Amino acid sequence: MKNHPVRIIGFCALVVLAVLFSLPFIWQISTSLKTEDQVGKAELDLIPRAQVLMVDGSLVEVKPVERKGDLQVVQIKEGPKKGTKVSVNPSQLRLIPHLEWSNYSEGFKAFPFFRMLQNTLTICFLVVIGSVLSCSLSAYGLACVQWKGREALFWAMLATMMLPAQVTMIPLFQTFKGLGWINTILPLVVPAFCGNAFFIFMLRQFYRTIPASFMEAARIDGASDMRIWATVVLPLSKAALSVVAVFTFIAAWNDFLGPLLYLMDDDKYTLAIGLARLQGQYSSDWGRMMAMSVVMTLPLVILFFLAQRTFVEGIKLGGVKG
Amino acid sequence: MKSRTWTGLAFCSPLIIGLLCFTVLPVVASFWFSLCNYPILEPPRFVGVANYVELARDDRFWHSVRNTFLYVAGAIPLGMVVGLGLALLLNQRVAGIKVFRTLFFLPTVVPLVANSVLWVRLLNPQQGLVNTFLRFLHLPEAWMPGWLSDEHWALPGLVLMSLWGAGGGAVLYVAALQDVPAELFEAAELDGAGPSKRFRHITIPMISPVLLFTGVMGLVGGFQEFARAFVMTKGGPWDSTLFYCLHLFNSAFTEFRLGYASAMAWVLFGIILFATVIVMRSSMKHVQYEQ
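In order, the protein sequences belong to chains A and B.
In terms of the working numbering, the first sequence opens at residue 29 and continues consecutively.
In terms of the working numbering, the second sequence opens at residue 4 and continues consecutively.
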């Protein structure tokens, strides 16, 4: 391959943009590992550091308290003299690289993290199961069974896809309230068992490409539609179903409006709501907030690396994530 | 074949129940509410089009429409330009292209709330990364944007934040670029067309369906922007980020004016339909669909 100047410029542009796009991530992780007194420093220093002082021949971490004339008062944070305050000349203080993990442990204590993780995962799990089942069953009914009225149903479904959720939000809220479903996960989970127009559409398109002879062969062997769905169609559509599973999981993990409307108690909250509330309460505690946002992001990043193909397929199929 | 009808209905029953319970009935109810005075605790009382008339006179409503339009007009075209730029760079044959693709795509994986929490800090005028970076470039302090704390900079701040997700569109554009037949470029090159001409007359027309698709999806999504403003700014400062759906949510669930909020929802539906049709029609002339 010849090294054309355009190619070199293109590569350099890629590198510069890649650095720009990853800076927020790097900054987020680095801030989550910084000590309180280092976070506030507006320097482009991405390495977490801590102030240390030589006390009795060993370096100990200190926290600046106040300034007294030329001297800096610091509080010792570790070792036998933990808690005592000393006045030192600022030149005696040194900065060394240091990872402050307490942002994470304190963050987990600040809100019932594991409880919320459990709530979120419960909802995600039920939504994924419900969506995969209901969407693939309905898509089978639309694509693989010849019956009067299926075209009408298909078009009715397509017509609803443009409808913004805000239109149905208020009547649904009132209905769920009437049913006594407020402060339960039911309003977030039950609709998933009733299909989703977009994914049904996607699966229907896919099921139509399955050769009819496959299903005919099974039918001649005496298989029922349910059996054909389970033993012929489902195994053939693993890739499409994993798109449904991955994207409904993400939607449920990220959902903000739903839990905001329907969940009222701390111990029922999902991570998205918990983190948003924390944002209101600890808005000045940057390290802790960054730690918690890392924690909420990490599972999706891992999911992304495990299912990169599925992600790209899903994005191509319709930019599910707005 | 009667039995097939029952089979079809049975398989489609989740969809049918879902359409009825979670779409058709609520849609009818919502339209009825929009014609009613409905303060959450009392039953709805029919008032005709009063809610719509009040909307037309409500300054905050128009302000939220304006904010949303400004945001969409900034974020969607810029996002498409950045996305296309990334896609063109990613379409080269260079080492490590997969790593680059992953890096650009990764921001779109970040959950909305975590993203909001992050960007509140990135956009902090004193200690945030964005202004720290601008200082690093030796920009005078007087030029430093106040981002989310300045009413003139709050919307641009959210637009900047949205650009971090431009890699999602780029993935689509790369796929479209790779489908453009190489012969077209070779033929144009033989005819003496330079890179910019080839870009204008081959690349853009060939990927125009995907550009249209992302444009329309971005538009529909932009008008439904809610969580970010709710978490990051609560609509402030001075209502400068009061998006349409945030105003709608507040009307319904903090002011408990369900009829009024329902009317807003229907106007939103109208705006989305109208804007989508406009975008589709104005692009039809330019968009090339393969036969």
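Each residue gets a CB set at the ideal place from its N, CA and C atoms; glycine is no exception.
These figures come from a predicted structure and were not determined experimentally.
If we define contact as Cβ-Cβ less than 8 Å, is residue i a contact residue for chain A?
i, result
"Ala-157 of chain B", "no"
"Thr-26 of chain B", "yes"
"Gly-239 of chain B", "no"
"Cys-39 of chain B", "no"
"Gln-294 of chain B", "Caution applies to Gln-294 of chain B, whose pLDDT of 44 falls short of 50 and renders its modelled position unreliable; the value that the coordinates give is listed next. No, no contact with chain A."
"Ser-152 of chain B", "no"
"Trp-65 of chain B", "no"
"Phe-72 of chain B", "no"
"Trp-146 of chain B", "no"
"Ala-117 of chain B", "yes"
"Gly-21 of chain B", "yes"
With respect to the beta strand (DSSP E) encompassing residue i, which residues constitute its N-terminal and C-terminal limits?
i, result
"Glu-94 of chain A", "86 to 96"
"Leu-82 of chain A", "The sequence as given places Met at residue 82 of chain A; Leu does not occur at that position. Met-82 of chain A -> beta strand (DSSP E) spans 77 to 83."
Just the Cα atoms here: how many angstroms apart are residue i and residue j?
i, j, result
"Thr-217 of chain B", "Lys-200 of chain B", "24 Å"
"Phe-332 of chain A", "Leu-161 of chain A", "23 Å"
"Leu-125 of chain A", "Leu-158 of chain B", "Reading the sequence as shown, one finds Pro at residue 125 of chain A and not Leu. Pro-125 of chain A and Leu-158 of chain B: Cα-Cα distance of roughly 37 Å."
"Gln-294 of chain B", "Asn-70 of chain B", "Because Gln-294 of chain B carries a pLDDT of 44, less than 50, the predicted location of this residue cannot be relied on, and the following value inherits that uncertainty. Computed Cα separation, rounded: 40 Å."
"Met-254 of chain A", "Gly-223 of chain A", "18 Å"
"Glu-57 of chain B", "Trp-269 of chain B", "14 Å"
"Phe-142 of chain A", "Ser-50 of chain A", "28 Å"
"Gly-350 of chain A", "Ala-300 of chain A", "With a pLDDT of only 35 at Gly-350 of chain A, under 50, the local geometry of the prediction cannot be trusted, and no value is derived from it."
"Leu-87 of chain A", "Met-320 of chain A", "30 Å"
"Ile-275 of chain B", "Phe-226 of chain B", "7 Å"
"Met-4 of chain B", "Arg-60 of chain B", "Caution is warranted here: a pLDDT of 48 is assigned to Met-4 of chain B, below 50, making its placement in the model unreliable, and the coordinate value is therefore given only provisionally. The alpha-carbon atoms of Met-4 of chain B and Arg-60 of chain B are separated by roughly 58 Å."
"Leu-39 of chain B", "Val-50 of chain B", "Before going on, a small fix: residue 39 of chain B reads as Cys here, not Leu. In a straight line, the C-alpha of Cys-39 of chain B is about 5 Å away from that of Val-50 of chain B."
"Phe-277 of chain A", "Ile-157 of chain A", "10 Å"
"Lys-109 of chain A", "Val-83 of chain A", "9 Å"
"Met-29 of chain A", "Ala-98 of chain B", "Here Met-29 of chain A scores only 46 on pLDDT, less than 50, and its place in the model should not be relied on; the value that follows carries that caveat. Their Cα atoms are separated by approximately 11 Å."
"Val-30 of chain B", "Phe-229 of chain A", "21 Å"
"Asp-249 of chain A", "Ser-270 of chain A", "29 Å"
Any idea if residue i is buried or exposed, counting beta-carbon neighbours within 10 angstroms, 16 or more meaning buried?
i, result
"Glu-4 of chain A", "Only positions 29 to 350 of chain A appear in the structure, and residue 4 of chain A is not among them; the question remains open."
"Val-223 of chain B", "buried"
"Leu-18 of chain B", "buried"
"Leu-123 of chain A", "exposed"
"Asn-282 of chain A", "buried"
"Gln-174 of chain A", "exposed"
"Ser-311 of chain A", "exposed"
"Phe-229 of chain B", "buried"
"Thr-257 of chain B", "exposed"
"Phe-139 of chain B", "exposed"
"Thr-148 of chain A", "buried"
"Pro-118 of chain A", "exposed"
Counting contacts by CB-CB distance shorter than 8 Å, is residue i in contact with chain B?
i, result
"Asn-282 of chain A", "yes"
"Lys-266 of chain A", "no"
"Ala-357 of chain A", "There is simply no residue 357 of chain A to check, as chain A begins at 29 and stops at 350 in what is shown."
"Gln-66 of chain A", "no"
"Val-114 of chain A", "no"
"Ile-75 of chain A", "no"
"Phe-275 of chain A", "no"
"Lys-62 of chain A", "no"
Assuming residue i is part of the alpha helix (DSSP H), what are its boundary residues?
i, result
"Val-3 of chain A", "This structure cannot speak to residue 3 of chain A, because chain A is shown only from 29 to 350."
"Lys-296 of chain A", "Per DSSP, Lys-296 of chain A belongs to no alpha helix (DSSP H) and is neither H nor E."
"Glu-192 of chain B", "185 to 193"
"Gly-206 of chain A", "193 to 206"
"Val-97 of chain B", "Careful: Val-97 of chain B lies outside any alpha helix (DSSP H) and carries neither H nor E."
"Glu-179 of chain A", "178 to 188"
"Phe-226 of chain B", "207 to 226"
"Lys-200 of chain B", "198 to 201"
"Leu-161 of chain B", "157 to 166"
"Met-267 of chain B", "261 to 287"
"Asp-73 of chain A", "Looking at the DSSP string, Asp-73 of chain A is not in any alpha helix (DSSP H), and its letter there is neither H nor E."
"Arg-232 of chain A", "225 to 235"
"Cys-248 of chain B", "247 to 256"
Write down every uninterrupted run of the alpha helix (DSSP H) in the segment 242 to 279 of chain A whose length is 4 residues or greater and which is fully enclosed by it, in chain order. 253 to 256
Taking only runs that begin and end inside the segment 104 to 144 of chain B, name each unbroken alpha helix (DSSP H) of 4 or more residues, in chain order. 115 to 125 and 132 to 139
Continuous alpha helix (DSSP H) assignments of at least 4 residues falling wholly in the segment 97 to 143 of chain A: 130 to 138
Listed in chain order, which residues of the segment 145 to 167 of chain A have Cβ atoms closer than 9 Å to some Cβ of chain D? The displayed structure is made up of protein chains A and B, and chain D is not among them.
Suppose only complete runs of 4+ residues qualify. What are the alpha helix (DSSP H) ranges in the segment 22 to 60 of chain B, listed by chain order? 28 to 37 and 53 to 60
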